[in-house]
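Participant:
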Amino acid sequence: MAHATNYPEIFDTIIIGAGPAGMAAAVYAARRKMKALLICGKVGGQMMWSSDIENYTGIAQATGPELTKEFFNHIKKIDGDTDHFDLWVREDEKVSSITKDERTGIFTLTTTKNQKFLSYTAVITSGKIPRTLNIEGEK
272 MAHATNYPEI FDTIIIGAGP AGMAAAVYAA RRKMKALLIC GKVGGQMMWS
322 SDIENYTGIA QATGPELTKE FFNHIKKIDG DTDHFDLWVR EDEKVSSITK
372 DERTGIFTLT TTKNQKFLSY TAVITSGKIP RTLNIEGEK
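Using this note's numbering, read the sequence shown as starting at 272 and increasing by one per residue.
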């Protein structure tokens, strides 16, 4: 990614999660000229488990991994265009805590790699994990 370092002192927004909603939020934030950070453990989210996606406007049919690749290629293109956009991406990293300073309204996000980032807003698109039944043989 192009913005490997040189983070701003404070972001306009930090987006947590890189499923379809998180990646869309990152694109919109970048196009609005916001200083945005996308933090994600794994790219794609639940969409990666989908074998057939037939309800995405403009794409007749694709697998989840195929669509994820296209979405993330779009993110990487924006991240690489440092002359026009201020989007940073941190893959393979998760947010471990979020606190808000009640006086200033500024969020502090701490990652599992003990990095701290400040932001005026936080967009949480962390998705979900299927609930298990905890029965023998469950996969």
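The beta-carbon is built from N, C-alpha and C at its ideal position, and this holds for glycine as well.
Is the distance from the Cβ of L380 to the Cβ of I369 below 7 Å?
Facilitator: In the sequence shown, counting from the first residue as 1, residue 380 sits at position 109. In the sequence shown, counting from the first residue as 1, residue 369 sits at position 98. Taking 7 Å as the Cβ cut-off, L380 and I369 qualify as a contacting pair.
Participant: Within the 7 Å Cβ cut-off, does E364 reach chain C?
Facilitator: The structure shown contains no chain C; it holds only a single protein chain.
Participant: With a 10 Å radius around its C-beta and 16 neighbouring C-beta atoms as the bar for buried, classify P462 as buried or exposed.
Facilitator: Because the chain is modelled from 272 through 410, residue 462 falls outside the range shown and cannot be assessed.
Participant: Just list the beta strand (DSSP E) runs in the region 318 to 367, keeping only unbroken ones of 3 residues or longer that don't cross its boundaries, in chain order.
Facilitator: 358 to 361
Participant: Just list the residues that DSSP pairs K387 with in beta bridges.
Facilitator: As a working note, residue 387 is residue 116 in the sequence shown. T381.
Participant: Suppose you measure from the CA of G398 to the CA of G290; what does that come to, to the nearest Å?
Facilitator: Here residue 398 corresponds to residue number 127 of the sequence shown, with the count starting at 1. Here residue 290 corresponds to residue number 19 of the sequence shown, with the count starting at 1. Distance between the alpha carbons of G398 and G290: 7 Å.
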